[in-house]
Amino acid sequence: MQRYSGFGLAKHALSHHENWQRQWRNPTPKKKYDVIVVGGGGHGLATAYYLAKNHGITNVAVLEKGWLGGGNTARNTTIVRSNYLWDEAARLYDHSLDLWKGLSQDLNYNVMFSQRGVMNLGHTLQDMRDIQRRVHANRLNGVDSEVITPDQIKEIVPVIDTSKRARYPILGASWQKSAGVARHDAVAWGYARAADALGVDILQNTEVTGFKIRDGQVYGVHTNRGDIESKTIGCVTAGNSGVVAKMAGLTLPLESHPLQALVSEPLKPVLDTVVMSNHVHGYISQSDKGDLVIGAGINGYLGYGQRGSYTTVEHTLQAIVEMFPIFSRVRMNRQWGGIVDTCADACPILSKTKVKGLFFNCGWGTGGFKATPGSGHVFAASLAKGEMHPIAAPFSIDRFNTGALIDEHGAAGVAH
Amino acid sequence: MFYIHCPYCDEYRDEEEFHPKGQAHIARPEDPESCTDDQWGAYLFFRDNPRGIHHELWVHAIGCRKFFNITRNSASYEILETYRMGEQPRFSAEHPEGKSVETVAAEKVAAEAGMVAGQEGVKA
Chain W
123 MQRYSGFGLA
133 KHALSHHENW
143 QRQWRNPTPK
153 KKYDVIVVGG
163 GGHGLATAYY
173 LAKNHGITNV
183 AVLEKGWLGG
193 GNTARNTTIV
203 RSNYLWDEAA
213 RLYDHSLDLW
223 KGLSQDLNYN
233 VMFSQRGVMN
243 LGHTLQDMRD
253 IQRRVHANRL
263 NGVDSEVITP
273 DQIKEIVPVI
283 DTSKRARYPI
293 LGASWQKSAG
303 VARHDAVAWG
313 YARAADALGV
323 DILQNTEVTG
333 FKIRDGQVYG
343 VHTNRGDIES
353 KTIGCVTAGN
363 SGVVAKMAGL
373 TLPLESHPLQ
383 ALVSEPLKPV
393 LDTVVMSNHV
403 HGYISQSDKG
413 DLVIGAGING
423 YLGYGQRGSY
433 TTVEHTLQAI
443 VEMFPIFSRV
453 RMNRQWGGIV
463 DTCADACPIL
473 SKTKVKGLFF
483 NCGWGTGGFK
493 ATPGSGHVFA
503 ASLAKGEMHP
513 IAAPFSIDRF
523 NTGALIDEHG
533 AAGVAH
Chain R
2 MFYIHCPYCD
12 EYRDEEEFHP
22 KGQAHIARPE
32 DPESCTDDQW
42 GAYLFFRDNP
52 RGIHHELWVH
62 AIGCRKFFNI
72 TRNSASYEIL
82 ETYRMGEQPR
92 FSAEHPEGKS
102 VETVAAEKVA
112 AEAGMVAGQE
122 GVKA
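Following this line, the structure appears as structure tokens:
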């Protein structure tokens, strides 16, 4: 792998940037791998990368039915934070945040991780009580978090309306200074390039159509490019996890919903942090390119269409304009949807299944992007050892039968 | 954006008037106390989540406030039918073209006859 550096950039400028190496190979599938990762999004690629880097397992294939990072990795609003209420979730997301901090250096790829802070607004007294509870829980778990007043909010974000004349006046917020945003595509590409360099085969346009299972043990997959064998298979297929699980005869406690986002026309820098509001339901940041990146809520119905309804977009923009009257005449440029696989307790599933050797990493719902490095890291450790990593263990699928749910619904900061 | 036919109001109305309530035809276990953890977990949390034809429960929240069912394709979003509570769908993954009204009616009669015949003390 050609390493990227300032010197390399200058060197390639001399040949008009025409001789850059391809970022990853396009190999033909082998007959057999030590581990197969189904799904070439951020989480799947991160899993493959950490398998090769931390566990020395380089005979790995990533099977992707479309192109890399073309699903939710490319469709989210790129927010990275870890201010979750419950110990298990805080550990998982904070582990991820730690990995984010050194990710660009680790991958030799600029993922543009920018710790510009995230605030979760409170608009009612109950909101503020919940925020205080969550901030206290965060601090006990070593997650940086504080409660700030409307005056402090106004100081950080001058364009926000903190006056009392709003329909839902802003009473305060939780503020995680170490949170921020990252460049979503670069995360997928960076992991793919680094994994490929370590010998992982990244197979695009390779769709899994079935599993080979004998005596309760998985030993391969059927794909549109022939059968591929492996006794350890990790499925990281986000919104399509239910469909993939069905091929193995499993049912998951998931429902797939469309979640929408939109971006505006590019503006001069006006918002240098991330603002989220649970109560009026909208969240917003400004990309380095200048567009406002706005997240909407999920549609309540089941859907695989990668699109949502206009009413959801309208409700979100009402919330944004309520908080930022200055944006009322900004024109929106593009709108899209991703398919999020949501669990009843708004926490992911990192788990073994009834089929030996078949693991699932899914159920990230509306908040998977922030967890990309951590999810890949602990899932790779679980696939390598055959036992769930201690951080992943509480997220077993068994919790839906034992009742040990990790209820992050109210605590996630945004009520999807 | 859906334009949904409410089978009680017998009118097409905007999606805004309705709320989706998840998978339809989930029967509450007869005796919850005797369920195993697996059975109770399956009833509460595990769902079909198909990519394709799906039966779902909706409520006409700011209309007649009644619950009813929709058969809808979760990939194309096409609504195939709406039907009242207690009725059976014409369209399903096994019958994407839809069973005829007569077949559905005949099945209903047969099912009711079966329930009567199944009762104690009834001779076939």
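Listed in order, the protein sequences are those of chains W and R.
Add 122 to the 1-based position in the first sequence for my numbering, that's all there is to it.
Add 1 to the 1-based position in the second sequence for my numbering, that's all there is to it.
No residue lacks a Cβ here, since even glycine has one placed at the ideal position from N, Cα and C.
From a predicted model like this one, the values you see are computed outputs, not experimental measurements.
(message) If we define contact as Cβ-Cβ less than 9 Å, is Y13/R a contact residue for chain W?
(response) The sequence position of residue 13/R within the second sequence is 12, counting from 1. Judged by the 9 Å Cβ criterion, Y13/R is not in contact with chain W.
(request) Using the DSSP secondary-structure output, state which residues sit across from D318/W in a beta bridge. (result) Here residue 318/W is taken as the residue at index 196 of the first sequence, counted from 1. Answer by DSSP bridge pairing: none, since D318/W is not bridged.
(request) Give a yes or no on whether the minimum CB-CB distance between E186/W and chain R is below 9 Å. (result) Your numbering for residue 186/W matches position 64 in the first sequence. For E186/W, the answer is no, since every Cβ of chain R falls outside 9 Å of its Cβ.
(request) Name, in chain order, the residues that DSSP records as bridge partners for Y84/R. (result) On the second sequence, position 83 is the one that residue 84/R refers to. According to the DSSP secondary-structure assignment, Y84/R is paired through a beta bridge with N70/R.
(message) Is E140/W close to chain R? Criterion is C-beta to C-beta, closer than 9 Å.
(response) Within the first sequence, the letter at position 18 stands for residue 140/W. Using a CB distance cut-off of 9 Å, E140/W does not count as an interface residue toward chain R.
(message) Check this for me: beta carbons of T200/W and A304/W, under 9 Å apart or not?
(response) As a first step, residue 200/W must be located in the first sequence, where it is residue number 78. As a first step, residue 304/W must be located in the first sequence, where it is residue number 182. Result yes, Cβ atoms of T200/W and A304/W sit closer than 9 Å.
(message) Taking the alpha-carbon of N232/W as reference, which of Y313/W, V396/W, N194/W, F522/W has the nearest alpha-carbon?
(response) To locate residue 232/W, count along the first sequence from 1; it is residue 110. Of the candidates Y313/W, V396/W, N194/W, F522/W, the one whose C-alpha sits nearest the C-alpha of N232/W is Y313/W.
(request) Output the distance between the C-alpha atoms of T72/R and N263/W, rounded to the nearest integer angstrom. (result) Within the second sequence, numbered from 1, the residue matching residue 72/R stands at position 71. Within the first sequence, numbered from 1, the residue matching residue 263/W stands at position 141. Here the alpha carbons of N263/W and T72/R stand approximately 46 Å from one another.
(request) Provide the residue(s) that pair with W142/W in DSSP beta bridges, ordered along the chain. (result) Position 20 of the first sequence, counted from the first residue, corresponds to residue 142/W. None, per the DSSP bridge assignment.
(request) Report the residues of the segment 443 to 462 of chain W with a CB closer than 7 Å to any CB of chain R, ordered along the chain. (result) Cβ proximity to chain R below 7 Å picks out nothing from the segment 443 to 462 of chain W.
(message) Between H134/W, G193/W, N148/W, which has its C-alpha nearest G162/W's C-alpha?
(response) Locating residue 162/W in the first sequence gives position 40, where the first residue counts as 1. The residue among H134/W, G193/W, N148/W with its C-alpha nearest the C-alpha of G162/W is G193/W.
(request) Report the neighbours of R48/R on chain W: residues whose CB is nearer than 9 Å to its CB, in chain order. (result) Along the second sequence, read from residue 1 onward, the residue named residue 48/R stands at position 47. G364, T373, L374, P375, L376, E377, L424, listed in chain order.
(message) Given a cut-off of 9 Å on the beta-carbon distance, is the pair M445/W and A196/W in contact?
(response) Locating residue 445/W in the first sequence gives position 323, counting from the first residue. Locating residue 196/W in the first sequence gives position 74, counting from the first residue. In this structure, M445/W sits away from A196/W, with a CB-CB distance that is not shorter than 9 Å.
(request) Give a yes or no on whether 9 Å exceeds the smallest Cβ distance from L45/R to chain W. (result) For the purposes of this step, residue 45/R is identified with residue 44 of the second sequence, where counting begins at 1. It does; some Cβ of chain W falls within 9 Å.
(request) Pick helix, strand or coil for R521/W, following the three-state DSSP scheme. (result) Mapped onto the first sequence, residue 521/W falls at position 399. Helix, per DSSP.
(message) On the CB-based measure, 16 or more other CB atoms within 10 Å of its CB, does K492/W come out buried or exposed?
(response) Start at 1 with the first residue of the first sequence, and residue 492/W comes out as number 370. Using a 10 angstroms sphere on the CB of K492/W, the tally of other CB atoms reaches 16 or more, which defines it as buried.
(message) Quick check: what's the CA-CA separation for Q339/W versus E329/W?
(response) Working through the first sequence from its first residue, we reach residue 339/W at position 217. Working through the first sequence from its first residue, we reach residue 329/W at position 207. Approximately 21 Å between the Cα atoms of the pair.
(request) Tell me, please, which residues DSSP counts as bridged to E113/R. (result) Along the second sequence, read from residue 1 onward, the residue named residue 113/R stands at position 112. In the DSSP output, where bridge partners are listed per residue, E113/R has none listed.
(request) Count the C-beta pairs between the segment 451 to 460 of chain W and the segment 373 to 387 of chain W that are closer than 8 Å, then say yes if the count reaches three, no if not. (result) Contact between the segment 451 to 460 of chain W and the segment 373 to 387 of chain W is present, because at least three Cβ pairs lie under 8 Å.
(request) Could you tell me the distance, in whole angstroms, from the CA atom of G459/W to the CA atom of T488/W? (result) Here residue 459/W refers to the residue found at position 337 when the first sequence is read from its first residue. Here residue 488/W refers to the residue found at position 366 when the first sequence is read from its first residue. Distance between the alpha carbons of G459/W and T488/W: 11 Å.
(message) Is P33/R close to chain W? Criterion is C-beta to C-beta, closer than 9 Å.
(response) Residue numbering aside, residue 33/R sits at position 32 when the second sequence is read from its first letter. It does not; no Cβ of chain W falls within 9 Å.
(request) Using a Cβ cut-off of 9 Å, pull out every chain R residue sitting near A466/W, in sequence order please. (result) Locating residue 466/W in the first sequence gives position 344, where the first residue counts as 1. Ordered by position in chain R, the residues that pass the 9 Å Cβ test against A466/W are L45, F46.
(request) For H165/W, count neighbouring C-beta atoms within 10 Å of its own C-beta (all shown protein chains included) and say buried if the count is 16 or more, exposed if not. (result) As a position in the first sequence, residue 165/W is number 43, starting the count at 1. With 16 or more other CB atoms across the displayed protein chains lying within 10 angstroms of its CB, H165/W is buried.
(request) Note down the Cα distance separating T64/W from I448/W, rounded to an integer number of angstroms. (result) Limits of chain W in this structure are 123 at one end and 538 at the other, which puts residue 64/W out of reach.
(request) Just the chain W side, please: which residues come within less than 7 Å of S75/R by C-beta, in chain order? (result) For the purposes of this step, residue 75/R is taken as residue 74 along the second sequence, with counting starting at 1. Neighbours of S75/R across chain W, judged by C-beta separation under 7 Å: L424, G425, Y426.
(request) Consider the Cβ of Y84/R: report whether some Cβ of chain W lies at a distance smaller than 9 Å. (result) Stepping through the second sequence from its first residue, residue 84/R is reached at position 83. No, Y84/R lies away from the interface with chain W (no Cβ there is under 9 Å from its Cβ).
(message) Using 9 Å as the threshold, is the C-beta distance between S204/W and D216/W below it?
(response) Along the first sequence, one-based indexing puts residue 204/W at 82. Along the first sequence, one-based indexing puts residue 216/W at 94. Cβ atoms of S204/W and D216/W: closer than 9 Å.
(message) Please report the straight-line C-alpha distance between A534/W and M398/W, rounded to a whole angstrom.
(response) Numbered from its first residue, the first sequence carries residue 534/W at position 412. Numbered from its first residue, the first sequence carries residue 398/W at position 276. Because the pLDDT of A534/W is 48, which lies under 50, any placement of that residue in the model is unreliable, and the number read from its coordinates should be weighed accordingly. When rounded, the separation of the alpha-carbon atoms in A534/W and M398/W is 11 Å.
(message) Going residue by residue through the segment 293 to 373 of chain W, where are the continuous alpha helix (DSSP H) segments of at least 4 residues, counting only ones entirely within it?
(response) For the segment 293 to 373 of chain W, the continuous alpha helix (DSSP H) assignments of 4+ residues that do not extend past its boundaries occur at 306 to 319, 363 to 369, in sequence order.
(request) Would you mind telling me which residues of chain R sit closer than 8 Å to T433/W, beta carbon to beta carbon, in chain order? (result) The residue given as residue 433/W occupies position 311 in the first sequence. When 8 Å is used as the limit between beta carbons, T433/W is near these residues of chain R: M2, E16, E17, in chain order.
(message) I need the boundaries of the beta strand (DSSP E) containing G404/W, first residue and last residue.
(response) Here residue 404/W corresponds to residue number 282 of the first sequence, with the count starting at 1. Counted as a single uninterrupted DSSP element, the beta strand (DSSP E) harbouring G404/W occupies residues 404 to 408.
(request) Reducing DSSP to helix, strand and coil, say where A514/W ends up. (result) Stepping through the first sequence from its first residue, residue 514/W is reached at position 392. In the three-state scheme derived from DSSP, where H, G and I count as helix and E and B as strand, A514/W is classed as coil.
(request) Give a yes or no on whether the minimum CB-CB distance between F522/W and chain R is below 9 Å. (result) Sequence index remark: in the first sequence, residue 522/W carries index 400 (1-based). Chain R contact via Cβ: present.
(request) State the Cα-Cα distance for the pair H538/W and G419/W, rounded to the nearest angstrom. (result) What you label residue 538/W is simply residue 416 of the first sequence in a count that begins at 1. What you label residue 419/W is simply residue 297 of the first sequence in a count that begins at 1. Bear in mind that the predicted position of H538/W carries a pLDDT of just 43, short of 50, making it too unreliable to give a figure here.
(message) Does any residue of chain R have a CB that is nearer than 9 Å to the CB of K334/W?
(response) Against the first sequence, residue 334/W aligns to sequence position 212. Cβ-Cβ to chain R under 9 Å: no for K334/W.
(message) Which residues in chain W have a C-beta closer than 7 Å to the C-beta of E57/R? List them in chain order.
(response) Taking the second sequence and counting its residues from 1, the one referred to as residue 57/R is at position 56. Going along chain W in sequence order, the residues near E57/R (Cβ under 7 Å) are Y423, L424.
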